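Peer 1:
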Amino acid sequence: DAGITQSPRHKVTETGTPVTLRCHQTENHRYMYWYRQDPGHGLRLIHYSYGVKDTDKGEVSDGYSVSRSKTEDFLLTLESATSSQTSVYFCAISLDGEQYFGPGTRLTVT
Amino acid sequence: AQSVTQLGSHVSVSEGALVLLRCNYSSSVPPYLFWYVQYPNQGLQLLLKYTSAATLVKGINGFEAEFKKSETSFHLTKPSAHMSDAAEYFCASGDSGAGSYQLTFGKGTKLSVIP
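In order, the protein sequence lines correspond to chains L and X. When we follow the numbering used here, the leftmost residue of the first sequence carries the number 988, and every step to the right adds one. When we follow the numbering used here, the leftmost residue of the second sequence carries the number 26, and every step to the right adds one.
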């Protein structure tokens, strides 16, 4: 158990509204990641962080921003949600090159 | 850029039969390779990983995978399928030279086990 929690676990929101998803870890890991999972696409990296205030873009970063003001929290924000952002979002941490995943957040944009 | 290809989006096997899930990678440098399993409505769980120490890697739940550089493959096997193995399996590749430990995932293979 890598001590990763995600909140909320489920969210339904309307197109055009801002949404923030939170990933929280309890073990002081340096690297944190946000992925989205869609049928037929596997997991795709949105953004990642390599320390407080240090973040970088992944493969599918358009429409998303992130922030990491504390080691334990990595926030993913959809500034103006669109239906194409309906997905399951997973947070992960890296430990010795292995990634460990949170339980996921199912986001539906109507 | 790395890429991972999983052959077969859906594989069905009978209970007790051999499980073989295929994964091919492309990488210009020796990769780290991983297999993850995802049960319905859950996150991904690490099954096993290859980091060049040994070409045959044993993981949890009786699974193992063999790294074959000549074939750029890292196929996952289990001698005898159990009903509890029904899940989706993801192969992933990481660049051993990258400091960010980013992983590239395949699209997944859903395993069904027929009683």
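For every residue, glycine included, the Cβ atom is placed at its ideal position computed from N, Cα and C. Remember, predicted model here, so these are calculated numbers, not experimental data.
#1: Check whether the Cβ atoms of G133(X) and C48(X) sit closer than 8 Å, and answer yes or no.
#2: Can you check whether the CB of V999(L) is closer than 8 Å to the CB of T1095(L)?
#3: Would you say G87(X) lies against chain L (beta-carbon separation less than 8 Å)?
#4: Taking Cβ positions only, does S994(L) come closer than 8 Å to chain X?
#5: Once you ignore the five residues that flank K1044(L) on each side, which residues in its own chain have a CB closer than 7 Å to its CB?
#6: How big is the Cα-Cα spacing for S1054(L) and F1061(L)?
#7: Would you mind stating whether T129(X) and V29(X) have Cβ atoms separated by less than 8 Å?
#8: How far does the beta strand (DSSP E) with D1025(L) in it extend, from its first residue to its last?
#9: Straight-line CA distance for D1041(L) to R996(L)?
#10: Go ahead and label I2(X) buried or exposed: buried means 16 or more other beta carbons lie within 10 angstroms of its beta carbon, across all protein chains shown.
#11: Give the interface partners of Y57(X) over in chain L, defined as CB-CB distance under 8 Å, in chain order.
#12: Going along the chain, which unbroken runs of the beta strand (DSSP E) with 3 or more residues stay wholly within the stretch 60-104 of chain X?
Peer 2: Looking at the coordinates:
#1: In this structure, C48(X) does not lie closer than 8 Å to G133(X) by Cβ.
#2: Yes.
#3: With 8 Å as the cut-off, G87(X) does not count as an interface residue toward chain L.
#4: Not closer than 8 Å to any Cβ of chain X, the Cβ of S994(L) fails to qualify, so no.
#5: Excluding five sequence positions before and after K1044(L), the CB atoms of its chain that fall closer than 7 Å to its own CB belong to H1034, given in chain order.
#6: Their backbone Cα atoms lie some 6 Å apart in a straight line.
#7: Their beta carbons are under 8 Å apart, which means T129(X) touches V29(X) by this criterion.
#8: Residue range M1019 to D1025 is occupied by the beta strand (DSSP E) that includes D1025(L).
#9: Between D1041(L) and R996(L), the C-alpha separation is close to 25 Å.
#10: What the structure shows of chain X is the stretch from 26 to 140, and residue 2(X) is not part of that stretch, so it cannot be assessed.
#11: Within chain L, the residues G1084 have their CB atoms less than 8 Å from the CB of Y57(X), given in chain order.
#12: List check, beta strand (DSSP E) in window: 69-75, 81-83, 89-93 and 98-103.
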